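Have a look at the structure below, then the notes.
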Amino acid sequence: MILVVGSSNIDLVASVDRLPSRGETVLGYRFAQSFGGKGANQAVAAARAGAEVAFLSKLGADANGRLIEQHLAAQGLSRPILLRDAEFPTGVAMILVDHSGENQIAVVPGSNGRLTPADLRQHRELIAGARVLLLQMEIPRETVFEALRLGRECGLTTILNPAPAAPLPSDLLRLIDILTPNESEAQALTGSADPAEAARILTDRGVGTVVVTCGANGAFLATGNDVTHIPGFLVETIDSTGAGDAFNGAVACAVAEGVPIKSAIVRANAAGALATTGRGAQESMPTKDDIEQLCRSGIRQLEPPPRS
Numbered sequence: 000m001i002l003v004v005g006s007s008n009i010d011l012v013a014s015v016d017r018l019p020s021r022g023e024t025v026l027g028y029r030f031a032q033s034f035g036g037k038g039a040n041q042a043v044a045a046a047r048a049g050a051e052v053a054f055l056s057k058l059g060a061d062a063n064g065r066l067i068e069q070h071l072a073a074q075g076l077s078r079p080i081l082l083r084d085a086e087f088p089t090g091v092a093m094i095l096v097d098h099s100g101e102n103q104i105a106v107v108p109g110s111n112g113r114l115t116p117a118d119l120r121q122h123r124e125l126i127a128g129a130r131v132l133l134l135q136m137e138i139p140r141e142t143v144f145e146a147l148r149l150g151r152e153c154g155l156t157t158i159l160n161p162a163p164a165a166p167l168p169s170d171l172l173r174l175i176d177i178l179t180p181n182e183s184e185a186q187a188l189t190g191s192a193d194p195a196e197a198a199r200i201l202t203d204r205g206v207g208t209v210v211v212t213c214g215a216n217g218a219f220l221a222t223g224n225d226v227t228h229i230p231g232f233l234v235e236t237i238d239s240t241g242a243g244d245a246f247n248g249a250v251a252c253a254v255a256e257g258v259p260i261k262s263a264i265v266r267a268n269a270a271g272a273l274a275t276t277g278r279g280a281q282e283s284m285p286t287k288d289d290i291e292q293l294c295r296s297g298i299r300q301l302e303p304p305p306r307s
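When we follow numbering that gives the first Met the number 0, the leftmost residue of the sequence shown carries the number 0, and every step to the right adds one.
Next up, the structure:
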């Protein structure tokens, strides 16, 4: 079983011709409300990819919280554990998506910021019963750190998607089996704009395996001193909002199945690519069959991205 600990949001999505510059107002041509939050997205992605998934999150005691609870009940999660906070509203993300599928996102955490280390300790049996622990940074840092400590104590494979990027002390890095930043997050963590170099720096700091995702250009996988580029898949992108979450859910699913890490990243690249071919985050998460079909027959970007 995979345990995902993380955020749940309502996403407010506006489609625009181009993303605004600082201080600029642009007109949109489509609006949609959907379900998001990196934690919930990755839990749904892992379930769609074929995994048994438990999900621990905290919602507000409000209408948005009830909507999320009803939605997640229909997403195939084996154990959705949704705590409630009476003081803070359910989290909200405001998303702009341009015609090429690129996006800008602002998140108001709300009740996500009230998921505490004590909440984790009260559900220690849930952690002990899992094989893989999947985390992100949309909940308090101290809660993420406690989850990593408990995960290591219970013998789980720990995966951290450091989004949004935040400083990670070296003693915590050593508790992470697989770290999955994108290019900008990897640069924020290391100071290097070269994803291969950033991956190597992070393994040198004590992370077992680092995967730096590069969108359509695939990912760089670092294990020890070895850094490998794993090509992405070429698809027609509509909305890239949930791509990273699809990638992480698929990685966790493959790792839980015992798939070798390079093959797991190929699957995850396929899942991330497929997630960009529809609108919305959770709505676009691909199924196991979709992922396997693209892995068999999809066109891949064979060369690593050029570096300036």
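Every residue, glycine too, gets a C-beta built ideally from N, C-alpha and C. What you are looking at is a predicted structure, and each value in this text was computed from that prediction instead of being measured.
Whole-angstrom C-beta distance between residue j and residue i, which should lie under 8 Å
{"i": "residue 172", "j": "residue 204", "result": "5 Å"}
{"i": "residue 154", "j": "residue 92", "result": "The Cβ separation is near 34 Å, so there is no contact."}
{"i": "residue 90", "j": "residue 8", "result": "4 Å"}
{"i": "residue 75", "j": "residue 37", "result": "So it is not a contact: roughly 18 Å between Cβ atoms."}
{"i": "residue 320", "j": "residue 117", "result": "The structure shown has nothing for residue 320, since the chain only spans 0 to 307."}
Residue i, DSSP secondary structure in three states
{"i": "residue 232", "result": "strand"}
{"i": "residue 31", "result": "strand"}
{"i": "residue 65", "result": "helix"}
{"i": "residue 263", "result": "helix"}
{"i": "residue 187", "result": "helix"}
{"i": "residue 97", "result": "coil"}
{"i": "residue 59", "result": "strand"}
{"i": "residue 111", "result": "helix"}
{"i": "residue 308", "result": "Because the chain spans 0 through 307 in this model, residue 308 falls outside it and cannot be assessed."}
{"i": "residue 309", "result": "This structure cannot speak to residue 309, because the chain is shown only from 0 to 307."}
Alpha carbon of residue i to alpha carbon of residue j, nearest angstrom
{"i": "residue 13", "j": "residue 28", "result": "7 Å"}
{"i": "residue 99", "j": "residue 276", "result": "11 Å"}
{"i": "residue 83", "j": "residue 113", "result": "9 Å"}
{"i": "residue 132", "j": "residue 103", "result": "28 Å"}
{"i": "residue 278", "j": "residue 234", "result": "14 Å"}
{"i": "residue 20", "j": "residue 127", "result": "47 Å"}
{"i": "residue 58", "j": "residue 138", "result": "12 Å"}
{"i": "residue 31", "j": "residue 106", "result": "16 Å"}
{"i": "residue 194", "j": "residue 208", "result": "14 Å"}
{"i": "residue 178", "j": "residue 191", "result": "16 Å"}
Neighbour-count burial assignment, residue i, 16 or more Cβ in a 10 Å radius
{"i": "residue 323", "result": "Because the chain in this structure spans residues 0 to 307, residue 323 falls outside the shown range and cannot be described."}
{"i": "residue 26", "result": "exposed"}
{"i": "residue 298", "result": "exposed"}
Where the beta strand (DSSP E) through residue i begins and ends
{"i": "residue 78", "result": "78-84"}
{"i": "residue 156", "result": "156-159"}
{"i": "residue 103", "result": "102-107"}
{"i": "residue 210", "result": "208-212"}
Limits of the unbroken alpha helix (DSSP H) element including residue i
{"i": "residue 248", "result": "242-255"}
{"i": "residue 171", "result": "169-172"}
{"i": "residue 6", "result": "No alpha helix (DSSP H) holds residue 6; DSSP gives it neither H nor E."}
{"i": "residue 202", "result": "194-203"}
{"i": "residue 222", "result": "Note, residue 222: premise wrong, no alpha helix (DSSP H); beta strand (DSSP E) at 218-222."}
Test: residue i CB closer than 8 Å to a CB of chain C
{"i": "residue 184", "result": "Looking for chain C here will not work: only one protein chain is present."}
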